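*Asks:* Mapped onto the working numbering, the consecutive letters of the sequence shown carry residue numbers 1 to 131.
Beta carbons: idealized from backbone N, C-alpha and C, even for Gly.
The structure presented is a predicted model; accordingly, all values stated were derived computationally and were not measured.
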Amino acid sequence: MTPLVLDTTYYNKEHKQIFNNFVGKPYTFFESIKRRGIGSKRMIVDKVSPNLNLILNTVSDLNYANIEMRKKGILIHITKGHRNFTWAIPFYHLVFYKTDGMSIHAQGKFIQFKKTKTFHENKFFFKIFIK
1 MTPLVLDTTY YNKEHKQIFN NFVGKPYTFF ESIKRRGIGS KRMIVDKVSP NLNLILNTVS
61 DLNYANIEMR KKGILIHITK GHRNFTWAIP FYHLVFYKTD GMSIHAQGKF IQFKKTKTFH
121 ENKFFFKIFI K
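Structure follows, in structure tokens:
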């Protein structure tokens with residue numbers, strides 16, 4: 001399966017269908033309450049693999065991302081200025097590494113998050129996620 005990173009700045013029905021096929025449909029409202037949340041708070045991106053550099057700010061602005069759990073994988077939503085990109089990762093490709101912050105590897109790519117206050121606020125989310 002090829003890596004899937006799409007520009008999701010504007011709503012596109014085709015993108016929705018692609019994500020649903022790749023990582024499953026989103027959880028319903030009641031399922032998300034039962035799971036005690038399905039999304040992380042915004043985190044600061046520290047590093048990415050060279051093949052993801054195109055979706056980061058090239059100037060000294062901070063790059064932000066958040067994670068959304070799906071039934072068969074995750075979506076990592078990355079903000080680049082006024083544009084949004086989404087990286088879809090099925091669970092069977094997903095690898096977590098606890099570095100100075102948290103690093104997610106899949107499909108020959110990686111994203112590393114800085115260990116900041118927002119990262120600490122997401123510890124509960126990561127504990128739920130790893131279960």
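1) Does DSSP classify Met1 as helix, strand or coil?
2) Which one or two residues does DSSP pair with Glu68 in a beta bridge?
3) Is Leu54 close to the ligand SAM? I mean its beta-carbon at under 7 Å from any heavy atom of the ligand.
4) Does the beta-carbon of Ser40 have 16 or more other beta-carbons within 10 angstroms, so that it is buried, or is it exposed?
5) Taking the straight line between their C-alpha atoms, what separation do you get for Ile38 and Gly24?
6) For Pro50, which of helix, strand or coil comes out of DSSP?
7) Report the three-state DSSP secondary structure of Tyr10 (helix, strand or coil).
8) Let me check understanding here. Comparing Cα to Cα, which of Ile55, Ser60, Lys71 lies closest to Pro90?
9) Please name the residue or residues paired with Thr86 in a DSSP beta bridge.
*Replies:* From the atom records:
1) For the purposes of this step, residue 1 is taken as residue 1 along the sequence shown, with counting starting at 1. With a pLDDT of 47 at Met1, under the threshold of 50, the predicted position of this residue should be treated as unreliable, though the coordinate-derived value follows. If DSSP states are grouped into helix, strand and coil, Met1 belongs with coil.
2) As a working mapping, residue 68 is identified with position 68 in the sequence shown. In the DSSP output, where bridge partners are listed per residue, Glu68 has Gly39, Leu75.
3) No copy of the ligand SAM appears in this structure; indeed no ligand is present at all.
4) The sequence position of residue 40 within the sequence shown is 40, counting from 1. Looking at its Cβ environment, which holds 16 or more other Cβ atoms inside 10 Å, Ser40 is buried.
5) The sequence position of residue 38 within the sequence shown is 38, counting from 1. The sequence position of residue 24 within the sequence shown is 24, counting from 1. When rounded, the separation of the alpha-carbon atoms in Ile38 and Gly24 is 13 Å.
6) Position 50 of the sequence shown, counted from the first residue, corresponds to residue 50. Of the three classes helix, strand and coil, the one that applies to Pro50 here is helix, per DSSP.
7) As a working note, residue 10 is residue 10 in the sequence shown. Secondary structure of Tyr10 (DSSP, three-state): coil.
8) Counted from its first residue, the sequence shown places residue 90 at position 90. Closest by alpha carbon: Lys71.
9) For the purposes of this step, residue 86 is taken as the residue at position 86 of the sequence shown. In DSSP, Thr86 forms a bridge with Leu6, His77.
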